[in-house]
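Asks: Handing you this structure, nothing more for now.
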Amino acid sequence: MRLAPLLAALLAASAVSATGATPEDRLSGVFQSIGANRLDEALKRIDALIQDHPNFHLAHLVRGDLLLARTRPLETFGNVTKTVPAERLEGLREEALARMRAQRQRPAEDRVPRHVLQLHAGQHHALIVDSKRSRLYVLANGGGPPRVIADYYVTLGKNGIAKVREGDQKTPVGVYHVTADLPRRKLTDFYGSGAFPINYPNEWDRRLGRNGHGIWLHGVPSDVYSRPPRASDGCIVLANADLDAVAPFIQVGLTPVIIADEVEWASAEAVEAERRSLAEALERWRTDWQSRDTERYLAHYSPRFRTARQDYEAWARHKRKANGARGWLEVGVSRVSMLRYPRERDFVVVTFDQDYRSDGLSSVMRKRQYWVREDGHWKIIYEGAA
Amino acid sequence: MLDLTASRATLRRGFVSLGAWALLAAGPLAWGDEIQEAQKLLRAGQHQQALERVNRSLAAKPRDPQARFLKGVILTEQGNTKEAVEIFSRLTQDFPDLPEPYNNLAVIYASQGQYERARAALEQSIRTHPSYATAYENLGDLYAKLASQAYDKALQLDKTNKAAQKKLSLVREIGRGPAPVAVAAKPVSETTKPIAEAPKPEARTPVAEKPAAPSDASGEVLKTVNAWAQAWSNRDVDAYLAHYAKDFKTPGGEPRPAWEKGRRSRIAGAKTISVVVSEPKVILDGDKRATVSFRQAYRSDTFRATGTKTLVLVRSADGRWQIQEEKAG
Numbered sequence: 001m002r003l004a005p006l007l008a009a010l011l012a013a014s015a016v017s018a019t020g021a022t023p024e025d026r027l028s029g030v031f032q033s034i035g036a037n038r039l040d041e042a043l044k045r046i047d048a049l050i051q052d053h054p055n056f057h058l059a060h061l062v063r064g065d066l067l068l069a070r071t072r073p074l075e076t077f078g079n080v081t082k083t084v085p086a087e088r089l090e091g092l093r094e095e096a097l098a099r100m101r102a103q104r105q106r107p108a109e110d111r112v113p114r115h116v117l118q119l120h121a122g123q124h125h126a127l128i129v130d131s132k133r134s135r136l137y138v139l140a141n142g143g144g145p146p147r148v149i150a151d152y153y154v155t156l157g158k159n160g161i162a163k164v165r166e167g168d169q170k171t172p173v174g175v176y177h178v179t180a181d182l183p184r185r186k187l188t189d190f191y192g193s194g195a196f197p198i199n200y201p202n203e204w205d206r207r208l209g210r211n212g213h214g215i216w217l218h219g220v221p222s223d224v225y226s227r228p229p230r231a232s233d234g235c236i237v238l239a240n241a242d243l244d245a246v247a248p249f250i251q252v253g254l255t256p257v258i259i260a261d262e263v264e265w266a267s268a269e270a271v272e273a274e275r276r277s278l279a280e281a282l283e284r285w286r287t288d289w290q291s292r293d294t295e296r297y298l299a300h301y302s303p304r305f306r307t308a309r310q311d312y313e314a315w316a317r318h319k320r321k322a323n324g325a326r327g328w329l330e331v332g333v334s335r336v337s338m339l340r341y342p343r344e345r346d347f348v349v350v351t352f353d354q355d356y357r358s359d360g361l362s363s364v365m366r367k368r369q370y371w372v373r374e375d376g377h378w379k380i381i382y383e384g385a386a
Numbered sequence: 387m388l389d390l391t392a393s394r395a396t397l398r399r400g401f402v403s404l405g406a407w408a409l410l411a412a413g414p415l416a417w418g419d420e421i422q423e424a425q426k427l428l429r430a431g432q433h434q435q436a437l438e439r440v441n442r443s444l445a446a447k448p449r450d451p452q453a454r455f456l457k458g459v460i461l462t463e464q465g466n467t468k469e470a471v472e473i474f475s476r477l478t479q480d481f482p483d484l485p486e487p488y489n490n491l492a493v494i495y496a497s498q499g500q501y502e503r504a505r506a507a508l509e510q511s512i513r514t515h516p517s518y519a520t521a522y523e524n525l526g527d528l529y530a531k532l533a534s535q536a537y538d539k540a541l542q543l544d545k546t547n548k549a550a551q552k553k554l555s556l557v558r559e560i561g562r563g564p565a566p567v568a569v570a571a572k573p574v575s576e577t578t579k580p581i582a583e584a585p586k587p588e589a590r591t592p593v594a595e596k597p598a599a600p601s602d603a604s605g606e607v608l609k610t611v612n613a614w615a616q617a618w619s620n621r622d623v624d625a626y627l628a629h630y631a632k633d634f635k636t637p638g639g640e641p642r643p644a645w646e647k648g649r650r651s652r653i654a655g656a657k658t659i660s661v662v663v664s665e666p667k668v669i670l671d672g673d674k675r676a677t678v679s680f681r682q683a684y685r686s687d688t689f690r691a692t693g694t695k696t697l698v699l700v701r702s703a704d705g706r707w708q709i710q711e712e713k714a715g
């Protein structure tokens with residue numbers, strides 16, 4: 001890590017007042033004091049922070065620098081002179097950088113993440129992870145595109161992101177949701193104040209042959225306040241206080257967790273336009289299915305379409321047969337969510353309640369489709385029960 | 387890590403003589419001998435005998451800070467830190483302007499791993515005497531120690547760190563370092579007069595009331611002080627030492643060669659030095675003697691100190707102004 005940009009980033013991080021409640025805000029206040037060359041004040045602030053959060057290791061590192069600066073000029077951030085495990089020191093430096101960058105680079109008020117096109121009324125919140133910034137954003141649903149209401153520092157996999165296989169110590173990139181809230185008493189201290197598994201590998205991961213399991217959102221052991229940005233075996237790790245703050249937002253089975261390389265921010269209008277174009281495609285799919293004109297219905301599916309069991313040809317044969325046999329059919333679609341898949345171009349996970357009635361079979365199910373834009377048209381590339 | 391050997395050497399050098407205190411104390415010679423004898427015994431490692439001497443001296447003068455201080459040092463060396471802490475603490479209460487007892491309290495606290503207490507004591511020591519070098523050196527070491535401790539905590543290496551516990555310098559005498567005279571002035575005021583006032587105080591008058599003095603004399607004095615600060619800042623030791631008169635009163639009455647050697651190693655040993663003189667006040671005393679008080683901001687690659695300093699300068703036969711006395715405060 002280069003020293004100059006690091007120090008510049010740390011010193012520039014002064015948007016937040018020192019009286020802010022979170023330890024991160026207070027750390028930012030310390031850097032603010034350092035930036036203003038008020039070193040005594042910085043030391044007082046860091047002492048107070050450590051008093052309240054004795055396990056905040058990064059704060060101890062900053063304190064070390066402030067004390068050492070009284071005896072000699074510092075050569076680097078975290079100017080530890082004796083031989084220490086390099087990755088530990090580097091981890092703290094990276095944490096400092098991640099935290100202070102996040103403090104400085106706040107998303108503009110009028111911007112929303114491009115990933116969340118629509119949540120259904122029952123989904124109160126969504127979580128989005130910006131891997132590059134080691135940041136988790138909480139979005140609130142309520143009229144128009146969901147907006148950021150809080151954000152937290154997170155630790156991700158030791159080996160980065162884009163998990164492919166078991167044991168690669170990477171955090172998956174994709175659209176997931178929380179599947180459980182594991183009771184604390186069943187967890188060891190390692191997981192801190194709670195654990196929320198997500199559904200990795202999802203349908204798309206499995207289709208691409210990705211494997212592994214046990215990707216959770218969880219807390220930290222009691223002897224640390226937080227962990228370096230890249231330290232987990234693939235899980236998304238939050239400080240216990242932060243996990244406690246996020247937990248009330250989580251609805252098991254409902255709350256989406258989108259993990260992206262980087263959050264793309266867009267205007268609410270742009271997101272709404274995308275949402276509308278996809279919603280219209282979904283509605284055409286519904287009415288075309290109801291029309292029992294199987295070819296019009298099949299036109300909504302990409303030649304690359306595949307279910308968990310069938311390829312396009314086999315599936316189309318089956319549909320031609322089944323749909324043609326119906327005297328009438330009605331399809332109801334409700335509680336729709338639309339989440340743009342990170343890393344893939346124009347690729348959206350659409351989940352909804354499907355109420356299918358016909359003179360033969362009737363069923364109600366929660367369905368998931370993956371839509372992709374091909375030649376300017378939205379097409380379905382996967383569908384199955386959610 | 388700062389090099390402690392230098393300051394230890396300074397202390398040992400200081401041991402040869404009695405220090406300014408003895409010169410100032412107007413007590414009977416026998417008392418001075420007693421203390422001197424105790425110091426000799428201490429230096430020879432004969433702690434018990436030294437303690438007996440000091441106790442005998444204290445029986446006659448129970449409040450005497452010099453003897454009490456020495457007793458604290460002896461007890462410290464004997465490992466009786468509990469009693470030593472008591473003595474030094476009492477001294478800081480009775481003579482709050484003495485920097486040395488704070489320093490030694492800090493040394494003991496540091497040796498017990500109580501770094502925050504040590505830091506508080508040293509900062510107090512420096513508050514009493516902003517140019518007290520030993521306290522600065524110790525504080526520098528202590529900050530480094532605290533920094534190292536903080537780093538260990540940051541990196542979770544703090545499992546009873548057995549890495550060489552660096553000892554701070556215990557001061558064995560009061561009145562060493564750059565501020566002996568000023569230190570002496572208060573605690574012994576019943577029996578002595580501060581040395582600075584001793585030579586014909588009635589002759590001292592502000593420059594304005596002394597029309598006989600050459601009008602540019604104070605300008606010359608100031609020029610000299612600035613040149614002295616410049617030589618010091620340039621780490622030009624020869625030029626710096628040339629500013630001191632032949633009869634310069636070395637701190638603690640240290641022999642001139644030893645003092646020069648100490649200064650040389652201290653100044654040449656620093657990577658950078660900056661001495662800034664501000665708010666100088668010149669008081670002319672006739673046309674051959676001047677007292678200059680000013681704020682001195684000293685800054686090197688390892689220490690920073692700001693405080694008041696007073697220089698007494700005398701005009702030599704060839705017309706040059708030279709420093710005869712130097713004191714902090």
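Line order of the protein sequences matches chains V and Y.
Just so we're aligned, residue 1 is where the first sequence starts under the working numbering, counting upward by one.
Just so we're aligned, residue 387 is where the second sequence starts under the working numbering, counting upward by one.
Built from N, CA and C at the ideal position, the CB exists for glycine as well.
Nothing here was measured: the structure is a model prediction, and the numbers come from that model.
Does the distance from the C-beta atom of residue 92 of chain V to that of residue 58 of chain V stay below 7 Å?
Replies: For residue 92 of chain V and residue 58 of chain V, yes; Cβs fall inside 7 Å.
Asks: Taking the alpha-carbon positions, what's the residue 150 of chain V to residue 123 of chain V distance?
Replies: Looking at the two C-alpha atoms, the distance is approximately 17 Å.
Asks: Give me the chain Y residues within the contact set of residue 61 of chain V, using Cβ-Cβ distance strictly less than 8 Å, ordered along the chain.
Replies: Simply 536, 537, 540 and 541.
Asks: Report the partner residues of residue 711 of chain Y according to the DSSP bridge assignment.
Replies: Partner(s): Y:698.
Asks: Ordered along the chain, which non-local residues of its own chain (more than five positions away) have a Cβ less than 8 Å from that of residue 41 of chain V?
Replies: These residues qualify, in order along the chain: 33.
Asks: Less than 7 Å between the beta carbons of residue 501 of chain Y and residue 691 of chain Y, yes or no?
Replies: Going by C-beta atoms, residue 501 of chain Y is not nearer than 7 Å to residue 691 of chain Y.
Asks: Taking buried to mean at least 16 other C-beta atoms within 10 Å of its own C-beta, is residue 328 of chain V buried or exposed?
Replies: Looking at its Cβ environment, which holds fewer than 16 other Cβ atoms inside 10 Å, residue 328 of chain V is exposed.
Asks: Roughly how far, in whole angstroms, is the beta-carbon of residue 233 of chain V from the beta-carbon of residue 132 of chain V, given that I think they are within contact range, below 8 Å?
Replies: Actually they are not in contact, since the Cβ atoms of residue 233 of chain V and residue 132 of chain V sit about 20 Å apart, beyond 8 Å.
Asks: To the nearest angstrom, how far is the alpha carbon of residue 600 of chain Y from that of residue 675 of chain Y?
Replies: Per-residue confidence for residue 600 of chain Y stands at a pLDDT of 44, beneath the threshold of 50, marking its modelled position as unreliable; no derived number is given.
Asks: Along the segment 64-85 of chain V, what residues have a CB closer than 9 Å to any CB found in chain Y?
Replies: Here the close residues are 64, 65, 66, 67, 68, 69, 70, 71, 72, 73, 78, 79, 80, 81, 82, 84 and 85.
Asks: Do you know offhand how far residue 250 of chain V's Cα is from residue 223 of chain V's?
Replies: Residue 250 of chain V and residue 223 of chain V: Cα-Cα distance of roughly 26 Å.
Asks: How about residue 532 of chain Y: is its C-beta nearer than 7 Å to some C-beta of chain V?
Replies: Yes, residue 532 of chain Y counts as interfacial toward chain V.
Asks: DSSP on residue 249 of chain V, reduced to helix/strand/coil?
Replies: Helix.
Asks: Along chain Y, which residues have their Cβ under 9 Å away from the Cβ of residue 88 of chain V?
Replies: Those are 540, 541, 542 and 543, listed as they occur along chain Y.
Asks: With a 10 Å radius around its C-beta and 16 neighbouring C-beta atoms as the bar for buried, classify residue 474 of chain Y as buried or exposed.
Replies: By the 10 Å Cβ count, residue 474 of chain Y comes out buried.
Asks: Go to residue 337 of chain V, then tell me how far its alpha helix (DSSP H) extends in each direction, as first and last residue.
Replies: Not the alpha helix (DSSP H): residue 337 of chain V falls in the beta strand (DSSP E), residues 329-340.
Asks: For residue 173 of chain V, I'd like the list of residues in its chain whose CB is within less than 8 Å of its CB, leaving aside the five on either flank, ordered along the chain.
Replies: If we look at residue 173 of chain V and ignore the five residues flanking it on each side, its Cβ neighbours are 131, 161, 162, 163, 259, 260, 261, 342 and 343.
Asks: Chain V beta carbons: is any one of them nearer than 7 Å to that of residue 546 of chain Y?
Replies: Interpretation of residue 546 of chain Y is limited by its pLDDT of 45, a score under 50 that renders its predicted location unreliable; the figure taken from the coordinates is listed afterwards. No - not a single Cβ of chain V is within 7 Å of the one on residue 546 of chain Y.
Asks: Measuring straight from C-alpha to C-alpha, what distance separates residue 633 of chain Y and residue 714 of chain Y?
Replies: For residue 633 of chain Y and residue 714 of chain Y, the distance between alpha carbons rounds to 19 Å.
Asks: Could you check what DSSP says for residue 673 of chain Y in three-state terms: helix, strand or coil?
Replies: It is coil, neither helix nor strand.
Asks: Measuring CB to CB, does residue 300 of chain V end up less than 7 Å from residue 380 of chain V?
Replies: In this structure, residue 380 of chain V lies closer than 7 Å to residue 300 of chain V by Cβ.
Asks: Can you tell which of Y:433, Y:425, Y:451 and Y:541 has its C-alpha closest to the C-alpha of residue 87 of chain V?
Replies: Here the closest residue by C-alpha is Y:541.
Asks: Give the interface partners of residue 684 of chain Y over in chain V, defined as CB-CB distance under 8 Å, in chain order.
Replies: Chain V residues near residue 684 of chain Y: none, gap ~14 Å exceeds 8 Å.
Asks: With DSSP as the reference, please indicate the residues paired to residue 62 of chain V in a beta bridge.
Replies: Paired residues: none, contrary to the question.
Asks: So, does the CB of residue 518 of chain Y fall closer than 7 Å to a CB anywhere in chain B?
Replies: No chain B is present in this structure, whose protein chains are V and Y.
Asks: How long is the line joining the alpha carbons of residue 439 of chain Y and residue 61 of chain V, rounded to whole angstroms?
Replies: Roughly 49 Å between the two C-alpha positions.
Asks: So residue 266 of chain V is in the beta strand (DSSP E); what residue range does that whole segment cover?
Replies: First-last of the beta strand (DSSP E) with residue 266 of chain V: 265-267.
Asks: Using C-beta distances below 8 Å, list every residue in its chain close to residue 428 of chain Y, excluding the 5 sequence neighbours before and after it, in chain order.
Replies: Excluding residues within five positions, the ones whose Cβ falls inside 8 Å are 436, 456, 459, 460, 463 and 558.
Asks: For residue 526 of chain Y, would you say it is in contact with chain V, using Cβ-to-Cβ distances shorter than 7 Å as the test?
Replies: Interface residue, yes.
Asks: Report yes if the CB atom of residue 687 of chain Y is closer than 7 Å to the CB atom of residue 658 of chain Y, and no otherwise.
Replies: Their beta carbons are under 7 Å apart, which means residue 687 of chain Y touches residue 658 of chain Y by this criterion.
Asks: Can you tell me which of V:213, V:306, V:185 and V:269 puts its alpha carbon nearest to the alpha carbon of residue 147 of chain V?
Replies: The shortest Cα separation from residue 147 of chain V among V:213, V:306, V:185 and V:269 belongs to V:269.
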